[in-house]
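Heads up: the sequence shown at position 253 corresponds to 315 in our numbering, and the numbers run straight through without jumps.
Working notes, structure below.
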Amino acid sequence: MPTSYHTESQSNCGDNKPSHRERAMNSHRLLFLLIAVLFAFPEALPADVVHLKSGVTIEGKVVDLGDQIKVEMKFGSRTIPKQKILRIETAKSTREEFQRKLKTLDPENIEQHLTLAEWCEPRSLKEEAKLCLERVLAENPDHDFARDKLGYKMGPHGRWRVKCKTCSGIGTIREPCDKCKNGKIDCYKCGGKGVLYHACTATGCNGGRVECPKCRGHRSRWTKRLHSGQSMVVYCPVCGGKGTVDCKQCKGGRVRVLCTNCKNGKIQCTACDGKGYTEKRCPTCGGSGIQP
Ligand SMILES: [Zn+2]
Ligand SMILES: [Zn+2]
Ligand SMILES: [Zn+2]
Ligand SMILES: [Zn+2]
Ligand SMILES: [Zn+2]
């Protein structure tokens, strides 16, 4: 959410204009603040702004559903009961509000126009923000921030040039790494399972079975003679006559241990250093970031 700095601009309202130096300093402070809030103008159409009584604001397209409204946002939608709403700024009213605000500005005041450009941002008033920034440039053609937002980049010999559209002036373009998924690959030690199996080292363990502790594997069964003269076979009560019991330390002769080489079977991709993308020089501008 945008940070507010209205006090900055209000101090410059009125007749007593600040000195050149003051204005430069102010614009630097504003520049710093604005970078945080005006990261990019979204391509979307002007949005409605819903102000809730709780103080929260939600931007999107408002659809009236009777006793509640639906706000269609960039990602998903939200239904809000009308009693929770303080007021709604519709896209149309926002545009009118912009025009009203614009009329009150000193045409030469850079800070006021930057403030209004910032106001436009969450409301997706792209053209209006552009207008404000162009006025800033009319006052100060070398205003770095306004230049940047309007798609310019400093070229050779200190001349402003249009930013490369392919790479947005960065000079490089990103491509998803074809060796991995989100910067992670399957661990080669455990095959992506996250666990390893070792052969059991318990004494006498053979495929997960150890010698019966009661009969020691010798007399696993014996014959008992009954009074009737008949005889019956009695099995060792511990091993049931098998002579061996399950090993307590393993399952089937294998011990399961967590793989220490990875986390849940994944390790960082070395091709992209775990970033998930690779960067290459922009083919359009050759890395200069300036539109040819
Ligand atoms: Zn592993
Ligand atoms: Zn036994
Ligand atoms: Zn074992
Ligand atoms: Zn990768
Ligand atoms: Zn480029």
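Note that beta-carbon positions come from the ideal geometry of N, C-alpha and C, so glycine has one too.
Query	Result
Cβ-heavy atom distance, Lys243 to ligand 1, below 8 angstroms	no
Cβ-heavy atom distance, Val300 to ligand 2, below 8 angstroms	yes
In chain order, each alpha helix (DSSP H) run of at least 4 residues that lies wholly inside the region 168-231	172-182, 188-201 and 206-211
Leu148 burial status per 10 Å Cβ neighbour count (16 or more: buried)	exposed
Same chain, Cβ closer than 7 angstroms to Lys144, neighbours up to 5 away in sequence not counted	Asp129, Gln130 and Ile131
Reduced DSSP category for Ala153 - H, G, I as helix; E, B as strand; rest coil	helix
Cβ contact check for the region 334-346 and the region 223-239: 3 or more pairs under 8 angstroms	yes
C-alpha distance - Gln353 paired with Lys215, whole-angstrom precision	9 angstroms
Cβ contact check for the region 201-217 and the region 283-303: 3 or more pairs under 8 angstroms	no
Nonlocal neighbours in the same chain, by C-beta distance under 6 angstroms from Lys255, ignoring five residues either side	Gly327
Cβ neighbours of Glu237 in the same chain (closer than 7 angstroms, five flanking residues each side left out)	Tyr339, Thr340 and Lys342
Inter-residue spacing [alpha-carbon to alpha-carbon] between Ala369 and Arg316	Outside the displayed range of the chain (63 to 354) lies residue 369, so it cannot be described from this structure.
Beta carbon of Val112 nearer than 9 angstroms to that of Val125	no
Near ligand 4: Lys337 beta-carbon under 8 angstroms from a heavy atom	yes
For Leu320, the three-state DSSP class (helix, strand or coil)	strand
His175 burial status per 10 Å Cβ neighbour count (16 or more: buried)	buried
Reduced DSSP category for Lys325 - H, G, I as helix; E, B as strand; rest coil	strand
Arg162, DSSP secondary structure in three states	helix
Cys309: CB within 8 angstroms of a non-hydrogen atom of ligand 3	yes
Leu114: first and last residue of the uninterrupted beta strand (DSSP E) it sits in	Asp110 to Leu114
Buried or exposed (CB count within 10 angstroms, at least 16 for buried), Asp335	exposed
Proximity test, Cys324 beta-carbon vs ligand 4 heavy atom, cut-off 8 angstroms	no
Ligand 1 heavy atom lying under 8 angstroms from the CB of Lys251	yes
Identity of the residues DSSP links to His260 by a beta bridge	Val317
Bridge partner(s) assigned by DSSP for Gln130	Pro143
Reduced DSSP category for Leu148 - H, G, I as helix; E, B as strand; rest coil	strand
Nearest to Cys242 (by Cα), restricted to the options Thr332, Leu127 and Leu320	Thr332
Three-state secondary structure (DSSP) of Lys304	coil
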